[in-house]
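In what follows, a single structure is set out as structure tokens and then discussed.
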Amino acid sequence: MEEHIHILSDLHPSVALADYVREIKVSSSKWMKESGHFPEFRGWGIKYCALTYSYDERETIINYIKNQQEHHKKESFQEEIARLIREQGIELDEKWFWVDS
């Protein structure tokens, strides 16, 4: 997808999520800029969304990622994130959530 990526990963409890995401962004930005394969890439946004799932849901998540292009024809990225947050009973104030930084 042009405005986001999905990464399914195990993360050891001793690793801070923010450090993990920062390392992915720094390393992949460097590679994308140096490789020449992505001439329009200027850098990652400063925000990210991290969701947890049980190990039993692993295959469902893998299949979702494989088919996300089809899925996003029916539901936009923003609609999906808002729905997932609300499904967890969290009140989402979209004026703060989608603010560009």
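Once you know that position 36 of the sequence shown is 62 in my numbering, the rest is easy, because the numbers rise by one and skip nothing. Ideal placement from N, C-alpha and C gives every residue a C-beta, glycine not left out.
Worksheet item: Using a Cβ-Cβ cut-off of 8 Å (strictly less than) and excluding sequence neighbours within five positions of residue 29, which residues of its own chain qualify?
Response: Correct list, in chain order: 103.
Worksheet item: When the Cα atoms are used, what is the spatial distance from residue 96 to residue 113?
Response: Distance between the alpha carbons of residue 96 and residue 113 is about 22 Å.
Discussion item. Assuming residue 45 is part of the alpha helix (DSSP H), what are its boundary residues?
Written reply: For residue 45, the enclosing alpha helix (DSSP H) begins and ends at 43-61.
Item to complete: Verify whether the separation of the beta carbon atoms of residue 87 and residue 34 is less than 8 Å.
Response: Yes. Within cutoff.
Practice prompt. Report the three-state DSSP secondary structure of residue 86 (helix, strand or coil).
Written response: Residue state, collapsed to three classes: helix.
Worksheet item: From which residue to which residue does the alpha helix (DSSP H) around residue 111 run?
Response: Run containing residue 111: 103-113, per the alpha helix (DSSP H) assignment.
Worksheet item: Under three-state DSSP, which class holds residue 79?
Response: Looking at residue 79 - three-state DSSP - the assignment turns out to be coil, as it is neither helix nor strand.
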